[in-house]
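Anchor point for the sequence shown: position 67 equals 67 in our numbering, and the numbering is continuous, going up by one each time. Glycine included, C-beta positions come from ideal geometry on N, C-alpha and C.
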Amino acid sequence: MKKLLLPILLVIFLSGCHLVFDEQPEIEQVVHNVTLAEAKEIALTHASVSKAEAKFEVEEMVEGEPSYYLLVIKDQDHTLLYKIDIASGKILLSSNQESDAILDGLDASLSKPSGTNDKDLDQSVSSEPQPSTPSGSKSEKPSDPKPVQPSDPKPTTPSDTKTEKPAESQPDHVMKDISKDVALQIALKDLGVSQSAIRKLEIERDREKNMDVWEVEFDYGDYEYEYDIAISDGTIIKMEIEYRFKPTGTGEISLAKAKELALARVKGANENHLRIKKDYDDGRLQYEGRIIYNGYEYEFEIDGPTGIFLEWEMEILFY
Numbered sequence: 001m002k003k004l005l006l007p008i009l010l011v012i013f014l015s016g017c018h019l020v021f022d023e024q025p026e027i028e029q030v031v032h033n034v035t036l037a038e039a040k041e042i043a044l045t046h047a048s049v050s051k052a053e054a055k056f057e058v059e060e061m062v063e064g065e066p067s068y069y070l071l072v073i074k075d076q077d078h079t080l081l082y083k084i085d086i087a088s089g090k091i092l093l094s095s096n097q098e099s100d101a102i103l104d105g106l107d108a109s110l111s112k113p114s115g116t117n118d119k120d121l122d123q124s125v126s127s128e129p130q131p132s133t134p135s136g137s138k139s140e141k142p143s144d145p146k147p148v149q150p151s152d153p154k155p156t157t158p159s160d161t162k163t164e165k166p167a168e169s170q171p172d173h174v175m176k177d178i179s180k181d182v183a184l185q186i187a188l189k190d191l192g193v194s195q196s197a198i199r200k201l202e203i204e205r206d207r208e209k210n211m212d213v214w215e216v217e218f219d220y221g222d223y224e225y226e227y228d229i230a231i232s233d234g235t236i237i238k239m240e241i242e243y244r245f246k247p248t249g250t251g252e253i254s255l256a257k258a259k260e261l262a263l264a265r266v267k268g269a270n271e272n273h274l275r276i277k278k279d280y281d282d283g284r285l286q287y288e289g290r291i292i293y294n295g296y297e298y299e300f301e302i303d304g305p306t307g308i309f310l311e312w313e314m315e316i317l318f319y
């Protein structure tokens, strides 16, 4: 009898264990939202304002579709406003005014129930700031390109565009797409040259970082330049330069000198922000590296014998 009972109990036990395993609940995937501290860092990086200089007048989480952080930063006599999406960290709205005018329209908006329309807040903002990054130092070599730090000027949008339905009011903060002529002026101002100084100009519409951009290409000095400029607001998304000739000089600069040349182009950056290595192209020494600093990524190639920058690329990280 005992011999017969033991197999039966064993079968019941194993079946029970199987049922227990089947009833285990599935583990839900945790979605990481942007924290307030991360949102503040995104805003400071975009505005190129240090934590020491910034004072946050408003730090509010506004629930709705989508939910976002509302941040107002005081920087000397400027007031910066940011709306940052909680789910993605994307900047939904940004504005820069030279007074406390931004704060005047916020009281009513902050007192609204969660999830209500933010149209009043949006319409109180009429200007978009561009991230201003410091200008890099010029190289002593005459063949080196001009400094490539973005000035990101605010574009002037055409005023002659007519609306088909005059009866419908348009929100004040909506910015019209910039023209290719405005994009060219942004690139020239960033480089600090006039249109008469450049050659082989080409401008075409393209896509970069999942957005429409004007791709502006031209030659200046010994280099080919390419700018990708957001059509929506004139932000310089990316900029590349390439040396047009094959260096023929001899000698060899040291790794320390290559670091010095690269860091001189990104004011404020130091060796903690720099990665660099030796490489060879057809037996000729090159230094390849990357700098990540103040919301931008820079990549470069330096000719080992001469110290000439063969390539230099700047790309915005937060937009």
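Along the chain, where does the alpha helix (DSSP H) that runs through residue i open and close?
i, result
"aspartate 181", "180-191"
"glutamate 260", "255-263"
"lysine 40", "36-47"
Could you check the C-alpha separation between residue i and residue j for me, to the nearest Å?
i, j, result
"valine 333", "aspartate 85", "As displayed, the chain neither begins before 1 nor continues past 319, which places residue 333 out of reach and without an answer."
"tyrosine 296", "phenylalanine 318", "8 Å"
"serine 232", "leucine 93", "13 Å"
"aspartate 303", "lysine 180", "34 Å"
"arginine 284", "leucine 71", "51 Å"
"lysine 209", "alanine 43", "19 Å"
"methionine 211", "alanine 230", "7 Å"
"glycine 221", "asparagine 33", "47 Å"
"threonine 79", "isoleucine 73", "6 Å"
"phenylalanine 56", "glycine 234", "27 Å"
"leucine 188", "glycine 289", "26 Å"
"proline 247", "lysine 267", "27 Å"
"valine 213", "isoleucine 236", "9 Å"
"aspartate 282", "lysine 200", "29 Å"
"leucine 191", "lysine 51", "29 Å"
"arginine 265", "glutamate 313", "11 Å"
"valine 62", "tyrosine 68", "5 Å"
"tyrosine 298", "alanine 262", "9 Å"
"arginine 244", "glutamate 301", "13 Å"
Can you tell me where the beta strand (DSSP E) holding residue i begins and where it ends?
i, result
"lysine 277", "274-281"
"lysine 246", "Taken as a continuous stretch (DSSP letters only), lysine 246 belongs to no beta strand (DSSP E), as it is neither H nor E."
"isoleucine 73", "68-75"
"aspartate 303", "296-303"
Quick check on residue i: does DSSP put it in helix, strand or coil?
i, result
"glutamate 315", "strand"
"glutamate 376", "Since the first residue of the chain shown is 1 and the last is 319, residue 376 is not available in this structure."
"glutamate 164", "No answer about glutamate 164 holds up, because its pLDDT of 49 lies below 50 and its placement is not dependable."
"glutamate 288", "strand"
"glutamate 63", "coil"
"glutamate 224", "strand"
"glutamate 252", "coil"
Where DSSP assigns a beta bridge to residue i, which residues make up the other side?
i, result
"serine 94", "Tyr82"
"lysine 55", "Lys74"
"glutamine 195", "According to DSSP, which records beta bridges pairwise, glutamine 195 is partnered with nothing at all."
"isoleucine 231", "According to DSSP, which records beta bridges pairwise, isoleucine 231 is partnered with nothing at all."
"aspartate 324", "Nothing about residue 324 can be reported from this structure: the residues present for the chain run from 1 to 319 only."
"isoleucine 236", "Ile229"
"glutamate 217", "Glu202 and Glu226"
Nearest chain D C-beta to residue i closer than 9 Å, yes or no?
i, result
"isoleucine 241", "Absent from the structure: chain D. Only one protein chain is present."
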